[in-house]
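As structure tokens, the structure follows; a few thoughts come after it.
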Ligand SMILES: [Zn+2]
Ligand SMILES: [Zn+2]
């Protein structure tokens with residue numbers, strides 16, 4: 002069996018390897034990640050992609066699955082889907098509930114329906130004692146208030162974190178790690194770089210959100226897990242530390258939070 006801890010140098014904590022963008026090339030993308038020493042958490046955004054994530058994770062030792070219903074698909078979270086997610090979660094390769102959350106930017110689903118789906122999946126994660134992966138787009142106030150209604154402390158990732166220092170502190174206080182992705186390499190994102198410069202490294206997770214959000218120098222093209230190294234490079238540069246320290250610390254963060262290996 003391939004894939005053990007000593008060959009892994011970085012963890013991509015948020016990828017969509019089940020995406021149809023990889024049709025016909027998925028195996029090659031997965032091999033490239035492994036060859037580059039990248040372990041991956043591939044996330045679900047509805048029942049079908051959650052099942053797909055788990056199928057991939059069962060086949061590859063450097064992949065793990067998160068299962069959940071994205072706010073865009075909140076309408077699909079009925080009792081049957083909920084029960085199915087619960088059954089899937091019993092598999093050892095499932096390491097988180099996600100991605101779940103609120104998206105008031107694209108508003109593809111009614112906000113009240115999003116709120117209910119988010120809350121129900123928070124409850125699910127607590128029942129299962131699994132960490133969560135949270136998607137938040139222009140909904141910080143609501144995300145925080147729902148989180149606080151359910152609990153005062155969490156294990157989880159705020160994925161694709163783009164907030165300011167004050168927002169970062171609110172999530173850190175609730176126990177969250179912050180997922181940093183390709184956006185940190187974008188020229189216009191000085192504000193985010195300034196925030197990340199001050200974040201404790203032991204609260205940072207690396208991610209790609211592939212196939213979306215490819216970092217510079219691949220911006221605008223299809224993204225894949227091995228490009229997570231550009232995120233690591235940028236964080237090392239901002240914090241003026243070696244990329245080895247970034248790799249070692251963020252890999253340990255992900256391994257501990259999601260109970261990998
Ligand atoms: Zn997301
Ligand atoms: Zn995502």
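In the working numbering, the protein residues as written are 2 to 262.
From the three backbone atoms N, C-alpha and C, an ideal C-beta is built for every residue, glycine too.
Among residues of its own chain, excluding the 5 on either side of residue i, which ones have a beta-carbon nearer than 6 Å to its beta-carbon?
i, result
"residue 263", "This structure does not reach residue 263, given that the chain is present from 2 up to 262, and the question cannot be answered."
"residue 90", "129"
"residue 106", "138, 139"
"residue 202", "250"
"residue 24", "none"
"residue 131", "97, 98"
"residue 319", "Here the chain has residues from 2 to 262 only, and residue 319 is not among them."
"residue 166", "196"
Among the residues of its own chain, which have a CB less than 7 Å from the CB of residue i, if the five just before and after it don't count?
i, result
"residue 164", "141"
"residue 137", "102, 103, 144, 159"
"residue 239", "194, 197, 198"
"residue 171", "145"
"residue 260", "96"
"residue 41", "13, 16, 18, 34, 63, 64, 226"
"residue 173", "204"
"residue 176", "154, 155, 156"
"residue 68", "45, 51, 54, 55, 86, 89, 90, 95, 98"
Strictly by DSSP, which residues pair up with residue i?
i, result
"residue 11", "39"
"residue 270", "Because the chain is modelled from 2 through 262, residue 270 falls outside the range shown and cannot be assessed."
"residue 181", "207"
"residue 16", "43, 211"
Output the distance between the C-alpha atoms of residue i and residue j, rounded to the nearest integer angstrom.
i, j, result
"residue 253", "residue 262", "11 Å"
"residue 20", "residue 152", "32 Å"
"residue 119", "residue 210", "20 Å"
"residue 263", "residue 222", "Since the displayed the chain opens at 2 and closes at 262, residue 263 lies outside it and no answer follows."
"residue 92", "residue 54", "12 Å"
"residue 57", "residue 64", "7 Å"
"residue 99", "residue 83", "13 Å"
"residue 208", "residue 110", "25 Å"
"residue 85", "residue 127", "16 Å"
"residue 245", "residue 74", "38 Å"
"residue 204", "residue 218", "26 Å"
"residue 213", "residue 114", "25 Å"
"residue 150", "residue 135", "16 Å"
"residue 229", "residue 183", "8 Å"
"residue 61", "residue 157", "23 Å"
"residue 94", "residue 52", "11 Å"
"residue 9", "residue 108", "38 Å"
"residue 224", "residue 180", "16 Å"
"residue 243", "residue 200", "16 Å"
"residue 66", "residue 257", "15 Å"
"residue 189", "residue 248", "25 Å"
Closer than 7 Å: is that where the CB of residue i sits relative to any heavy atom of ligand 2?
i, result
"residue 1", "Past the edges of the chain, shown from 2 to 262, lies residue 1, and the structure says nothing about it."
"residue 104", "no"
"residue 1", "A question about residue 1 goes unanswered here, because the residues of the chain that appear run from 2 up to 262."
"residue 210", "yes"
"residue 100", "yes"
"residue 151", "no"
"residue 44", "yes"
With a threshold of 7 Å (Cβ to nearest heavy atom), would residue i be considered close to ligand 3?
i, result
"residue 15", "For ligand 3, the structure offers nothing, since it holds only ligand 1 and ligand 2."
Can you list, in chain order, the residues of its chain with a C-beta nearer than 8 Å to that of residue i? Leave out the 5 residues immediately preceding and following it.
i, result
"residue 116", "103, 143, 147"
"residue 48", "70, 77, 82, 85, 86"
"residue 186", "216, 217, 220, 231, 232, 235"
Shorter than 7 Å, the distance from the beta carbon of residue i to the closest heavy atom of ligand 1, or not?
i, result
"residue 61", "no"
"residue 139", "no"
"residue 219", "no"
"residue 160", "yes"
>> At 4 residues or longer, what runs of the alpha helix (DSSP H) sit wholly inside the region 89-166?
In response: 112-129, 141-151
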